[in-house]
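Residue numbers (my numbering): 10 to 594.
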């Protein structure tokens, strides 16, 4: 369990505040995470890493000289939003471009991808790197689908050292990808973790058993077995990873490797050393030469009991970067010259929060848009528990909580925008940012994309009409499929969004009012959500246990159907309101 906390909802923000207070010589807090408080070489590449909180030392503890320049941090086990990542990257940028590096989780892929596009649009060169070292999360022929676990440290270290050495963004990215290609990890868990305020573990492992291949967010392992002796676990680790020796290496004997034995939260260092004793023997028996091994906690799963082993097969260049000096709060290596502190003035970042001017008709439409967001927040709050139950069948059960956080965050921002006389488009776009920011995770990213697309289509000058609404929904569909990479049949909200959008557009083009077109499309959405029960998930955290979800509808699809039906009730109830009469045309 978690013993020390105040309000569970404030835990992530308070831990960042305390972390910065304890490490002010190395890091400073910015909106969305932390960046170095020391001076970096002008014109050099900035490495920005990140993910959900709850994995310390990842990600904030790896920011410092010779390591990352910044870390974007989401809520517990929830990816940071695109806005948070953008804020951190903007603060960390040294003028040489930014490499965004993260574990390969759907929410992170979406949010970091959006932040990358925004940075590029502002003239800041940016590249992406998703770490994919977890060998049991996907087959080798689908390497790109693997999760990022403790191998994050090895890949981040190489990228950071290359950036520190003055390599270009293109070269830093190439070297980081090379490191990722040569890095493999395997993890096991003996018990689940309990988040602040929770009375039950986020996931459970049967007493006396071990989950093999379990992910750092509680993603299910591929099998369970009795907990072995320390030597037997070491043998399992080494034998499994040796089978994944990179293809370009003809023989492993004589190869030099970086080794990370990682504790996942509750396994003591003494236990890890007992395991590493046998790991070192086995690697020597295989003819491998270990270079500066690391034993300890590097990427944890809050207070989960478990461990993982990571190997990175080195070449001369990778070894040089692995051994290069580093001085971060939770990772030190070699002899480091203390970097110069930034002055108080240099640490200040200007904040831009201007509301664009809007026409009177758009301001009136914003009031109606606010009413719709209020209704969305209401229906999600009522159904949050059930959405979590559905999601827990084969996922991690946080969909309801994430949707509730996101919709309430969007509502708060929408009310603020309405008070500041924003137009309908700006109100919806700012609400979209707040949704993504507060929710985190995959659903936060997708709803951020969707609301932004609709808000952009509405704009701040003209009165919204059925055509613009339908166009906005169509752009939402296209944006979600582009960023999320899902397609119909993958058992995601796309299985509802595509038929909903297609029906809405068809009926509007045929001359139906928005209310009538939306009603037909909502009916289609309801049926489509039910139909996802017969599908097997092909993406996200539910994919490894796809069969378990058969017979249960997808949580994202269900929440979308609930929302479009709730919006319909608002449209129908207010059809006589002048502003909605204009939209309905």
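Note that CB positions come from ideal geometry on N, CA and C, so glycine has one too.
Who are the near neighbours of residue i in its chain, counting only those whose CB is closer than 7 Å to its CB and skipping five residues on each side?
{"i": "residue 297", "result": "261, 264 and 266"}
{"i": "residue 561", "result": "399, 402 and 542"}
{"i": "residue 147", "result": "154 and 155"}
{"i": "residue 505", "result": "534, 537, 538, 566, 569 and 570"}
{"i": "residue 178", "result": "54, 105, 106, 108, 134 and 136"}
For residue i, collect the residues of the same chain with a Cβ closer than 8 Å to its Cβ; drop the 5 residues on either side in sequence, then sort them by chain order.
{"i": "residue 528", "result": "577 and 581"}
{"i": "residue 406", "result": "211, 397, 398 and 400"}
{"i": "residue 516", "result": "525, 526, 529 and 530"}
{"i": "residue 469", "result": "365, 366, 367, 368, 371, 431, 432, 433, 434 and 435"}
Starting from the Cα of residue i, find the closest Cα among the options and give me that residue.
{"i": "residue 305", "options": "283, 443 and 295", "result": "283"}
{"i": "residue 103", "options": "120, 173 and 119", "result": "173"}
{"i": "residue 190", "options": "207, 177, 164 and 271", "result": "164"}
{"i": "residue 268", "options": "252, 389, 246 and 493", "result": "246"}
{"i": "residue 524", "options": "573, 492, 496 and 568", "result": "573"}
{"i": "residue 21", "options": "131, 575 and 41", "result": "41"}
{"i": "residue 462", "options": "435, 244 and 179", "result": "435"}
{"i": "residue 300", "options": "310, 240 and 320", "result": "320"}
{"i": "residue 351", "options": "37, 29 and 92", "result": "37"}
{"i": "residue 68", "options": "424, 28, 50 and 324", "result": "28"}
{"i": "residue 128", "options": "515, 100, 240 and 35", "result": "100"}
{"i": "residue 105", "options": "50, 71 and 157", "result": "50"}
{"i": "residue 121", "options": "141, 130, 88 and 150", "result": "88"}
{"i": "residue 255", "options": "326, 142 and 495", "result": "142"}
Grab me the residues of residue i's own chain with a C-beta within less than 6 Å of its C-beta, minus the 5 sequence neighbours each way, in chain order.
{"i": "residue 230", "result": "220, 221, 222 and 223"}
{"i": "residue 564", "result": "396, 399, 400 and 408"}
{"i": "residue 10", "result": "203"}
{"i": "residue 56", "result": "77, 78, 108, 168, 169 and 172"}
{"i": "residue 535", "result": "570"}
{"i": "residue 126", "result": "none"}
Pull up the distance between the alpha-carbon of residue i and that of residue j, whole angstroms please.
{"i": "residue 235", "j": "residue 145", "result": "18 Å"}
{"i": "residue 486", "j": "residue 503", "result": "7 Å"}
{"i": "residue 286", "j": "residue 162", "result": "21 Å"}
{"i": "residue 107", "j": "residue 427", "result": "35 Å"}
{"i": "residue 274", "j": "residue 315", "result": "7 Å"}
{"i": "residue 508", "j": "residue 479", "result": "13 Å"}
{"i": "residue 591", "j": "residue 444", "result": "Unreliable positioning characterises residue 591 in this predicted model, as indicated by a pLDDT of 49, which lies under 50. The coordinate reading is nonetheless provided below. Using only the alpha carbons, I get a separation of about 27 Å."}
{"i": "residue 455", "j": "residue 569", "result": "11 Å"}
{"i": "residue 559", "j": "residue 457", "result": "28 Å"}
{"i": "residue 136", "j": "residue 491", "result": "17 Å"}
{"i": "residue 439", "j": "residue 110", "result": "26 Å"}
{"i": "residue 547", "j": "residue 410", "result": "23 Å"}
{"i": "residue 197", "j": "residue 250", "result": "13 Å"}
{"i": "residue 226", "j": "residue 39", "result": "25 Å"}
{"i": "residue 589", "j": "residue 474", "result": "Residue placement at residue 589 is flagged as unreliable, the pLDDT there being 48, under the threshold of 50; the coordinate-derived value follows with that caveat. Approximately 9 Å, taken between the alpha carbons."}
{"i": "residue 26", "j": "residue 46", "result": "14 Å"}
{"i": "residue 430", "j": "residue 194", "result": "52 Å"}
{"i": "residue 81", "j": "residue 60", "result": "6 Å"}
{"i": "residue 453", "j": "residue 318", "result": "32 Å"}
{"i": "residue 340", "j": "residue 417", "result": "37 Å"}
{"i": "residue 579", "j": "residue 388", "result": "12 Å"}
{"i": "residue 160", "j": "residue 514", "result": "46 Å"}
Within 10 angstroms of the Cβ of residue i, are there 16 or more other Cβ atoms? Answer buried if so, exposed if not.
{"i": "residue 13", "result": "exposed"}
{"i": "residue 171", "result": "buried"}
{"i": "residue 303", "result": "buried"}
{"i": "residue 258", "result": "exposed"}
{"i": "residue 114", "result": "buried"}
{"i": "residue 278", "result": "exposed"}
{"i": "residue 355", "result": "exposed"}
{"i": "residue 518", "result": "exposed"}
{"i": "residue 500", "result": "buried"}
{"i": "residue 214", "result": "buried"}
{"i": "residue 271", "result": "buried"}
{"i": "residue 288", "result": "buried"}
{"i": "residue 228", "result": "buried"}
{"i": "residue 391", "result": "exposed"}
{"i": "residue 366", "result": "exposed"}
{"i": "residue 232", "result": "exposed"}
{"i": "residue 52", "result": "exposed"}
{"i": "residue 205", "result": "buried"}
Less than 8 Å between CB atoms is the rule here; does residue i satisfy it with respect to chain C?
{"i": "residue 354", "result": "Annotation note: the requested chain C is absent from the structure, which comprises a single protein chain."}
Based on the DSSP output, what are the partners of residue i in its beta bridges?
{"i": "residue 342", "result": "335"}
{"i": "residue 111", "result": "59 and 139"}
{"i": "residue 520", "result": "Partner(s): none; residue 520 has no beta bridge."}
{"i": "residue 76", "result": "Note: residue 76 sits in no beta bridge, so no partner."}
{"i": "residue 319", "result": "194 and 269"}
{"i": "residue 45", "result": "36"}
{"i": "residue 434", "result": "Answer is none; residue 434 lacks a bridge partner."}
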